[in-house]
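Structure first, then comments.
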Amino acid sequence: MTEFGLIDRIRDLTAALPSNGFEGIGDDCAVLPLGNGESLVFTSDLLVEEVHFLRRATSARELGGKALAVNLSDVAAMGARPVATLLSLALPPETMEGWAEAFAEGYRDLATRYGVALVGGDTTASRSGITINVTAIGRVRDDRIKRRSDARPGDTILVGGALGESAAGLRDLLDGRCGTPLAAVHRNPVPQVEEGCWLSARPEVRAMMDLSDGLASDLRHIMERSGVGAEIDLERIPTPVDLRTALCGGEDYKLLLTADTAHVPALLADFRAHFGTALHPVGRITGSRSLVWLDRGTPQPLDWQGFRHY
Ligand code: ADP
Ligand code: MG
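Numbers 1 to 310, taken from our numbering, label the letters of the sequence shown in order.
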């Protein structure tokens with residue numbers, strides 16, 4: 001069974017549970033409308049030693065930042081502003097002092113940068129490596145929430161920055177080249193928090209999510225939840241590395257969005273004026289339900305998938 005097959009199975013098995021006002025499984029965050037025109041959003045991510053990180057290749061301080069960053073990215077993907085987190089740690093005895101303290105400093109530094117509180121969690125011993133779980137909570141106006149399900153045929157598909165750097169950096173790390181600039185990108189993801197909040201206020205932005213498993217995989221979530229297809233122009237993918245790594249590599253934590261094409265020129269100009277960086281149009285949403293890769297207009301028979309845990 002795949003990761004998403006298992007998630008679907010869990011969702012089926014628990015479908016009869018009350019929703020208690022929550023919009024549940026399937027987007028980057030769960031949503032709880034507060035009834036005053038605002039909602040809270042909730043997300044949770046795990047980092048497991050030897051699966052998500054190697055202790056010898058990532059400093060505790062960097063990992064503290066990364067554990068928080070990947071959660072803030074999911075909050076930003078809803079158009080929400082992160083406000084608080086809970087942090088749970090399973091730690092082997094030898095990490096309890098120096099390692100754990102450096103981890104907490106890295107976590108605090110990134111939390112300070114984004115003004116996010118730490119309001120709880122859990123701490124326990126582990127007999128087999130470090131496991132980190134962060135839950136993040138964000139706040140957003142109801143009419144500004146950006147879901148995966150709101151893409152429409154004709155929309156332009158955009159990404160919030162260069163793709164593939166993190167996956168190329170992971171390759172460096174696994175090859176023992178820990179000091180390269182791309183390896184540093186992999187260890188220090190920068191969530192697009194301000195960008196997500198800014199984009200949430202733009203009505204022409206329809207669907208949004210963050211890229212954690214690669215465009216080739218993540219775009220399919222927007223397609224499935226919106227009931228649409230997509231065409232990607234390979235020559236427009238912003239990347240300093242090879243195209244396959246850019247499209248199939250994980251952990252970019254850049255925003256992926258669709259926007260009303262008529263308003264894209266203004267969106268691009270305003271975004272650049274505000275942030276000094278570019279949003280990159282990379283394709284369009286179609287009514288076909290299939291994903292088509294185009295190289296200067298010519299369809300390419302690529303069977304590319306994003307990162308998979310199983
Ligand atoms: P993301 O990459 O944005 O963190 P995922 O692709 O991991 O999201 O998860 C897809 C959806 O499934 C999300 O809404 C997530 O909250 C939900 N999900 C993942 N694992 C579980 C689980 N074990 N139980 C319930 N929901 C889950
Ligand atoms: Mg996500």
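Beta carbons: idealized from backbone N, C-alpha and C, even for Gly.
Since the structure is predicted, the reported quantities are computational estimates derived from the model, not experimental observations.
In terms of CA proximity to D155, G283 leads the group D28, G283, E49. In the displayed model, A259 falls within a strand according to three-state DSSP. A straight line joining the alpha-carbon of C178 with that of Q192 spans about 25 Å. For A207, the closest alpha carbon among the candidates E3, R236, A77, L47 is that of A77. In the same chain as R220, and ignoring 5 residues on each side of it, the C-beta atoms closer than 7 Å to its own belong to L291, in chain order. A check of alpha carbon separations from L163 across I10, E251, A69, L68 identifies E251 as the nearest.
Rounded to whole angstroms, the gap between the alpha carbons of A269 and A262 is 13 Å. Secondary structure at W99: helix, using DSSP grouped into helix, strand and coil. The beta strand (DSSP E) runs lying completely inside the segment 98-177 and spanning 3 residues or more are 117-125, 131-141, 156-159, given in chain order. Per DSSP, reduced to three states, the secondary structure at E195 is helical.
Just so you know, the alpha carbons of G227 and Y107 end up roughly 38 Å apart. The residues D295, R296, in chain order, have a CB closer than 8 Å to that of E235 in the same chain once the five nearest residues on each side in sequence are set aside.
Chain order is used for the residues whose beta-carbon lies nearer than 6 Å to a heavy atom of the ligand ADP, namely I7, I10, I25, G26, D27, D28, D45, D74, S212. Going by C-alpha positions, Q300 is about 16 Å away from L215. With distances taken between CA atoms, F53 lies nearest to K66 out of R148, L256, K66.
With a threshold of 7 Å, the Cβ atom of D122 does not count as near the ligand MG, since no heavy atom of the ligand is closer than that. Straight across, the Cα-Cα distance linking K254 with L34 is about 28 Å. Scanning its chain for C-beta atoms nearer than 7 Å, with the 5 sequence neighbours on each side dropped, one finds no residue around D303. By the beta-carbon neighbour count (other beta carbons within 10 angstroms, threshold 16), E50 is exposed. In chain order, G229 place their CB closer than 7 Å to the CB of S288, counting only its own chain and leaving out the 5 sequence neighbours on each side.
Counting the other Cβ atoms within 10 Å of the Cβ of H186 gives 16 or more, which makes it buried. A straight line joining the alpha-carbon of A69 with that of P189 spans about 6 Å.
Fewer than three Cβ pairs drawn from the segment 140-151 and the segment 91-107 lie within less than 8 Å of each other, which leaves the two stretches out of contact. If you check the C-beta of A77 against the ligand MG, you find a heavy atom less than 7 Å away. Segment contact: the segment 109-128 against the segment 76-90, three or more CB-CB distances shorter than 8 Å; contact assigned. Within the segment 35-84, the complete beta strand (DSSP E) segments at least 3 residues long are 38-48, listed from N- to C-terminus. As the crow flies, the alpha-carbon of S19 is around 19 Å from that of A136.
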